[in-house]
Amino acid sequence: MASVIPNVTAKFGLGRGLAWVLGTALVVLSPTLASADPVDPAALQRFVHQDCGSCHGMTLMGGLGPEITPEAMQFYDRDVLTTVILDGIPDTPMPPWRPLLSPQEAEWIADYLLTGEMK
Ligand code: HEC
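By the numbering used here, the letter at position 90 of the sequence shown is numbered 80, and the numbering carries on one by one without gaps.
Following this line, the structure appears as structure tokens:
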């Protein structure tokens, strides 16, 4: 580990400190979402259960946040659900995910929550 950081700093010049910190933060939050592929179903499924699951429960049956299973979501319109995921719910702990997810990824998650099926 001690040898990695000097290598990185030598390589990237000014601003590398910030890049390093941001890169590390992204990797820690979601290792696979940083990839170029716009939608990676396996990664998104893991993301939903781990990141969304940290509040909604690993099985999405509820925790700090309410249950978000297909049964609980059946009255949601797909577009509304996508917007809830991207923008969060103001004045509640439900955060906006726009910084981490593309609109396509949020749509995928909306479909996933509505159907419970991998596409
Ligand atoms: C920091 C905790 C937290 C995380 C992480 C989180 N949520 Fe939430 N979420 C909440 C809370 C709290 C609510 C309820 C807000 C309210 O009072 O209306 C909520 C509400 C929702 C709702 C509306 C539920 C309903 O019955 O209307 C949906 C859908 C939802 N979250 C999806 C997600 C998805 C998808 C993710 C992952 C991308 C996610 N949430 C991550 C806390 C969280």
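Every residue gets a Cβ at the ideal spot worked out from N, C-alpha and C, and that includes glycine.
Who are the Cβ neighbours of PRO28 in its own chain at under 7 Å, not counting the five residues just before and after it? SER92, GLN94
When you compare the CB positions of LEU76 and ARG68, do they come within less than 7 Å of one another, or not? no
Which same chain residues end up closer than 8 Å to LEU104 when comparing Cβ atoms and leaving out the 5 residues on each side of it in sequence? PRO60, MET63, GLN64, TYR66, ARG68, LEU71
Please report the Cβ distance between CYS45 and LEU54, rounded to the nearest whole angstrom; I am assuming they are in contact, meaning their Cβ atoms lie under 8 Å. 4 Å
Under 8 Å Cβ to Cβ from PRO83, same chain only, skipping five residues before and after it: list those, please. CYS45, LEU54, GLY55
Going along the chain, which residues of its own chain have a beta-carbon closer than 7 Å to the beta-carbon of GLY13, five neighbours each way excluded? Because GLY13 sits at a pLDDT of 48, beneath the cut-off of 50, its placement in the model cannot be relied upon, and the following sentence gives the value as read from the coordinates. None.
N- and C-terminal bounds of the alpha helix (DSSP H) containing SER44: 43 to 46
Buried versus exposed call for ALA32 [16 or more other C-beta atoms within 10 Å across all chains shown]: exposed
Residues near THR73 in its chain [Cβ-Cβ closer than 7 Å; skip 5 each side]: none
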